[in-house]
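Numbering (this note's numbering), first residue to last: 598 to 835.
Here's what the structure looks like:
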């Protein structure tokens with residue numbers, strides 16, 4: 598933990614602390630999700646009561662998780678990819694990117710609820726939208742780096758991102774019985790991450806969705822790539 602950059606470290610700590618607090622309070626019948634989980638705004642009365650939509654929920658929901666496995670999967674991704682992006686962009690840009698992806702995922706989920714579940718109870722929690730944005734950024738910036746699918750099959754980062762996006766899109770429309778995952782929120786995190794990167798790249802002139810990024814492109818998103826391989830934790834895995 599001592600070698601982790603500051604934003605990544607604090608995101609990990611914040612998510613773990615909130616999960617521990619939530620788990621503790623649930624033993625006493627206090628459910629933080631009713632106040633801080635993302636509620637379906639088309640269902641809510643907007644009154645200051647638990648289970649209704651509140652303006653802070655698009656931010657607070659991304660620090661709450663349904664269980665240890667949910668927390669572990671999301672924080673493992675932050676631990677792996679977060680330091681690389683934070684050292685690439687710097688602390689402020691990385692934090693901004695993380696939050697924008699999380700907020701974008703929340704907005705996407707609310708739109709989906711309004712279109713397909715108007716007036717029905719719905720709640721979403723978890724950092725997955727921000728995590729999928731992180732994954733997208735890694736695939737954009739380092740498309741040829743290898744990611745091991747299920748820790749076994751090596752795959753280039755760009756293909757890994759495309760595969761995950763396709764799976765999420767299919768699962769979102771498939772309506773698989775018992776599937777409570779907010780697939781469109783994941784895609785929303787990717788979408789808003791893409792839009793923010795394009796904005797950083799001065800409107801995306803001459804920019805391709807995937808492929809080799811030019812030095813000029815990298816400069817526009819605040820990265821000196823000359824130090825990447827020195828700092829990257831990926832090198833330790835090769």
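Glycine is no exception: its CB is placed at the ideal position from the N, C-alpha and C atoms.
Quiz item: Any idea if residue 754 is buried or exposed, counting beta-carbon neighbours within 10 angstroms, 16 or more meaning buried?
Solution: For the purposes of this step, residue 754 is identified with residue 157 of the chain shown, where counting begins at 1. Buried, by the Cβ-count rule.
Exercise. Count the CB pairs spanning the region 690-709 and the region 615-626 that are closer than 8 Å, and state whether there are at least three.
Key: no
Quiz prompt | Cβ neighbours of residue 680 in the same chain (closer than 7 Å, five flanking residues each side left out) | solution = Along the chain shown, one-based indexing puts residue 680 at 83. Closer than 7 Å at Cβ, skipping near neighbours: 601, 602, 605, 830.
Quiz item: Where does residue 709 sit, in a helix, a strand or coil, going by DSSP?
Solution: Here residue 709 refers to the residue found at position 112 of the chain shown. DSSP places residue 709 in helix when its eight states are reduced to three.
Self-check item: Residue from 791, 675, 740, 721 with nearest C-alpha to residue 756
Solution: Residue mapping note: residue 756 aligns to position 159 of the chain shown, counting from 1. Looking at the Cα atoms, 740 is the closest of the given residues.
Exercise. Using three-state DSSP, classify residue 606 as helix, strand or coil.
Key: In the chain shown, residue 606 corresponds to position 9, counting from 1. Three-state result, residue 606: helix.
Quiz prompt | 7 Å CB neighbourhood of residue 610 in its chain, flanking five on each side removed | solution = Position 13 of the chain shown, counting from 1, holds the residue named residue 610. Excluding positions up to five away in sequence, the list is empty.
Quiz item: Just checking, does the region 622-637 make contact with the region 664-674 on the three C-beta pairs under 8 Å criterion?
Solution: no
Quiz prompt | residue 751, enclosing beta strand (DSSP E) - first and last residue | solution = Looking up residue 751 in the chain shown gives position 154. Run containing residue 751: 750-753, per the beta strand (DSSP E) assignment.
Quiz prompt | Closest Cα partner of residue 685 within the set 634, 661, 705, 738 | solution = Numbered from 1 along the chain shown, position 88 holds the residue referred to as residue 685. The residue with the shortest Cα to Cα distance from residue 685 is 738.
Quiz item: From residue 660 to residue 711, what does the alpha carbon distance come to, in whole angstroms?
Solution: As a working note, residue 660 is residue 63 in the chain shown. As a working note, residue 711 is residue 114 in the chain shown. Those two C-alpha atoms are separated by around 23 Å.
Exercise. Measure the C-alpha to C-alpha separation of residue 638 and residue 678 and round it to an integer number of angstroms.
Key: Against the chain shown, residue 638 aligns to sequence position 41. Against the chain shown, residue 678 aligns to sequence position 81. If I take the Cα positions, the gap works out to 32 Å.
Quiz item: Taking the C-alpha atoms as reference points, what is the distance between residue 806 and residue 608?
Solution: In the chain shown, residue 806 corresponds to position 209, counting from 1. In the chain shown, residue 608 corresponds to position 11, counting from 1. Here the model assigns residue 806 a pLDDT of 46, short of 50, so the residue's position is not dependable, and the following value carries that caveat. So the two alpha carbons sit approximately 28 Å from each other.
Quiz item: Of all the beta strand (DSSP E) runs that stay within the bounds of the region 670-748, which reach a length of 3 or more residues?
Solution: 743-746
Quiz prompt | Pair within 8 Å by beta-carbon distance, residue 792 and residue 734 | solution = Indexing the chain shown from 1 puts residue 792 at position 195. Indexing the chain shown from 1 puts residue 734 at position 137. No. Outside cutoff.
Quiz prompt | Boundaries (first-last residue) of the alpha helix (DSSP H) holding residue 655 | solution = The residue given as residue 655 occupies position 58 in the chain shown. First-last of the alpha helix (DSSP H) with residue 655: 654-657.
Quiz item: Between the region 646-659 and the region 762-770, are three or more C-beta pairs nearer than 8 Å?
Solution: no
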